[in-house]
Amino acid sequence: MERSATPRLYILDAHGYVFRAHFGLMNTSRGERQAVRLSTSEGMPTGALYVFARMLMALRNEVKPEHIAVVFDAGRQSFRTEIYPEYKAHRPPAPEELQIQMPYFRQLAEAFRWPVLAVPGVEADDVIATLVTRARAAGWEVVVYSADKDLMQLVGDGVEVIDAMRQQVYTREVVAEKFGVPPEQIADFLALCGDTSDNIPGVAGIGKVSASKLLAEYGSLDGIVAAAPTFKGKMKERFTDPAQLERLRLSRRLVELDRDVALDVGIDDLVARPWDQARLVELFGELEFAQLIEKVQGAAVDGGDAAAGEGGAASDRDGDAA
């Protein structure tokens, strides 16, 4: 999305990137590239934090956002777990190696002095959907940094989703090419075929290809159900059987984003302020990210960035390679 005079809100799906930073390192260590497994001199793992910190640095230096929100989950409970306790229940706890790093992710974002949002009882996806909806209503453009397929529902005029780790920009055309349906049909698509990663049941026997074909022909879940009496064999049974229809209704409710979450900030409050150099140096020193300390201290003090203090001396290395 080209820069314009129109205000633009950048939103970072921090929860998603935290896990991708960790598991991305795990995957590359088993792939063609060898991942560097970082830890402090005392053995604290820091690999995911290093990836996350570098991403924040790149976003600040390359994008230079004026308005931004860094959105975290505030726990697993939400309206979805209330109506369907099995929602995401099959997911194992975060690995201990990642849990140890968890307290630092929010501290890093706060040291950049970017607004951080985490609403108890509300998933990050719903906070993001609400911000997008309100920003668009105000005439702003929006860029969401995430790879979450649920957020593809938000893509449209003035809204892009960017998977920064794969350098993939999702526009309406890209979403339609990848999923076989446009953004406005993503919720119906996921309700039909389900989503094993979130424990969304979907309709038994309906996969991605069938879901996209049905939506292309009938336009919506209501259209499919209305036409179901004309279907043949198993397909007719799937969309006339009361139990299957209940699964479909439940799945649709689970995948639909809440675009009207109560927030204690407005979009005008989501201002990217000059970073706190002293705090970043302190954090990077504690994590032994010597190269990142050099980048912070070597950065031109622009826009009133707080000068780095005397504390937070760096180690002479960026962790230990395992």
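Under the working numbering, the sequence shown has 177 at position 183, and the numbering climbs by one with no breaks. Cβ atoms here follow ideal geometry from the backbone N, Cα and C, with glycine treated the same way. Fair warning: this is a prediction, and the values are worked out from it, not measured in the lab.
1) Would you call the stretch 157 to 168 and the stretch 115 to 133 touching, i.e. three or more CB-CB distances under 8 angstroms?
2) Closer than 8 angstroms is the cut-off here; do at least three beta carbon pairs connect the stretch 129 to 146 with the stretch 269 to 279?
3) Once you ignore the five residues that flank Ala185 on each side, which residues in its own chain have a CB closer than 7 angstroms to its CB?
4) Between Lys58, Tyr98, Tyr78, which lies nearest to Leu281 when the distance is taken from Cα to Cα?
5) Give the straight-line distance between the Cα atoms of Val12 and Ile62, rounded to the nearest whole angstrom.
6) The beta strand (DSSP E) that contains Tyr139, what's its start and end?
7) Can the beta-carbon of Gly199 be found less than 7 angstroms from the beta-carbon of Arg232?
8) Measure the alpha-carbon distance for His84 versus Gly69 and round it to whole angstroms.
9) Mapping the DSSP letters down to three states, classify Ala29 as helix, strand or coil.
10) Can you look up Glu167 in the DSSP assignment and give me helix, strand or coil?
11) Using a Cβ-Cβ cutoff of less than 7 angstroms, which residues in the same chain neighbour Val149 once the five nearest sequence positions on both sides are dropped?
12) Just the Cα atoms here: how many angstroms apart are Leu92 and Arg267?
13) Counting Cβ pairs closer than 8 angstroms, one from the stretch 99 to 109 and one from the stretch 42 to 56, do we hit at least three?
14) Whole angstroms are fine: how far does the CA of Lys58 sit from the CA of Pro236?
15) Would DSSP call Ala63 helix, strand or coil?
16) Using only alpha-carbon positions, find the residue among Phe66, Pro87, Ile94, Ala(-1) that is nearest to Glu36.
17) If we call anything under 7 angstroms between Cβ atoms a contact, is His9 one with Ala118?
18) To the nearest angstrom, how far is it from the Cα of Ala132 to the Cα of Ser72?
19) What is the DSSP secondary structure of Phe283, reduced to helix, strand or coil?
20) Tell me Glu327's beta-bridge partners as DSSP assigns them.
21) Would you report the Cα separation of Ala315 and Val64, rounded to the nearest angstrom?
22) Whose C-alpha, out of Leu32, Phe106, Met229, Ala221, is nearest the C-alpha of Leu50?
23) Taking the DSSP output, what are the residues bridged to Tyr44?
24) Mapping the DSSP letters down to three states, classify Val12 as helix, strand or coil.
25) Compute the distance between the beta-carbons of Asp252 and Asp120, then report whether it is under 7 angstroms.
26) When we look at the beta-carbon of Ile194 and count the other beta-carbons within 10 Å, is it buried (16 or more) or exposed?
27) Rounded to whole angstroms, what's the CA-CA distance from Pro39 to Phe66? Just pull it up for me.
28) For Arg2, which residues from the same chain have a beta carbon less than 8 angstroms from its beta carbon, with the 5 sequence-adjacent residues on both sides left out?
29) Quick check on Ala15: buried or exposed, where buried means 16 or more other Cβ atoms within 10 Å of its Cβ?
30) Taking Tyr81 as part of the alpha helix (DSSP H), name the residues at either end of that continuous run.
31) With a CB to CB cut of under 6 angstroms and the five nearest residues on each side skipped, what residues in its chain are close to Gly201?
32) Locate the beta strand (DSSP E) running through Arg2, then write down its first and last residues.
33) Closest by CA to Val203, which one among Gly217, Phe173, Ala222?
For this structure:
1) no
2) no
3) Gly196, Leu215, Leu242, Ser245, Arg246, Val249
4) Tyr98
5) 17 angstroms
6) 135 to 139
7) yes
8) 15 angstroms
9) Residue placement at Ala29 is flagged as unreliable, the pLDDT there being 45, under the threshold of 50; the coordinate-derived value follows with that caveat. Assigned with DSSP and collapsed to three states, Ala29 falls in coil, not helix or strand.
10) helix
11) Non-local C-beta neighbours of Val149 in its own chain, meaning closer than 7 angstroms and more than five positions away in sequence, comprise Val155, Tyr164, Thr165, Arg166, Val169, Pro177, ordered along the chain.
12) 28 angstroms
13) yes
14) Going from the Cα of Pro236 to the Cα of Lys58 covers about 52 angstroms.
15) strand
16) Ile94
17) yes
18) 28 angstroms
19) strand
20) There is no way to answer for residue 327, as the model of the chain reaches only from -5 to 316.
21) At Ala315, the pLDDT of 38 sits below 50, so the modelled position is not reliable; the number obtained from the coordinates is stated separately. Distance between the alpha carbons of Ala315 and Val64: 29 angstroms.
22) Phe106
23) Answer is none; Tyr44 lacks a bridge partner.
24) helix
25) yes
26) buried
27) The alpha-carbon atoms of Pro39 and Phe66 are separated by roughly 21 angstroms.
28) Met(-5), Pro59, Glu60, His61, Trp134, Glu135, Val136, Val137
29) The Cβ neighbour count for Ala15, taken over all protein chains shown within 10 Å, is at least 16; the residue is labelled buried.
30) Tyr81 -> no alpha helix (DSSP H), and no H or E assigned at all.
31) Cys187
32) 2 to 7
33) Closest option to Val203, Cα to Cα, is Phe173.
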